[in-house]
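All you need for this note's numbering is the position in the sequence shown, starting with 1, plus 3. The beta carbon of each residue, even a glycine, is placed where N, CA and C say it ideally should be. As the structure is a prediction and not an experimental result, all values here were calculated from the model.
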Amino acid sequence: MRLVQTNPLEKINMLMQLGVEVVICGGITEICSNKFNDSGMQVIPWVRGEAEEVLSQFLAGKLAKIFPDRERIDEFRGLSKTGAGR
Numbered sequence: 004m005r006l007v008q009t010n011p012l013e014k015i016n017m018l019m020q021l022g023v024e025v026v027i028c029g030g031i032t033e034i035c036s037n038k039f040n041d042s043g044m045q046v047i048p049w050v051r052g053e054a055e056e057v058l059s060q061f062l063a064g065k066l067a068k069i070f071p072d073r074e075r076i077d078e079f080r081g082l083s084k085t086g087a088g089r
């Protein structure tokens, strides 16, 4: 799907209106990540690879194997499972 909005927050609002529950992405700003989380959408950041393979791995519950360092990056960015910030 192509989103025509140029403002990232407008894109998030459009995804909310469409009923999106999970966003899998590469890089994401903290502001956008917080907006997604505040709206109830799950964000899976710092993922790389071909879209079809990423989706397939996500649906199979194996997305972490594509990008095993994601947890370490989340901790570095202050997004650890404990919720502790920087």
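Counting only the Cα atoms, V50 lies some 10 Å from I31.
According to DSSP, residue pairing for V25 in a beta bridge involves Q45.
Distance check between E24 and each of L62, Q45 and A54 places Q45 closest, using alpha-carbon atoms only. Only residues of its own chain outside the window of five on either side were considered, and among them K14 and M17 have a CB closer than 7 Å to the CB of Q8, listed in chain order. The alpha-carbon of Q20 is positioned some 11 Å away from that of S42. Cβ contact annotation for L12 (same chain, cutoff 7 Å, sequence separation greater than five): K38, in chain order.
The beta carbon of C28 lies closer than 6 Å to those of P48 in the same chain, with the five residues before and after it left out.
Per DSSP, I31 is not a residue of any alpha helix (DSSP H), being assigned neither H nor E. Short of 7 Å from the beta carbon of S36, and not among the five residues preceding or following it, lie these beta carbons of its own chain, in chain order: V46 and P48.
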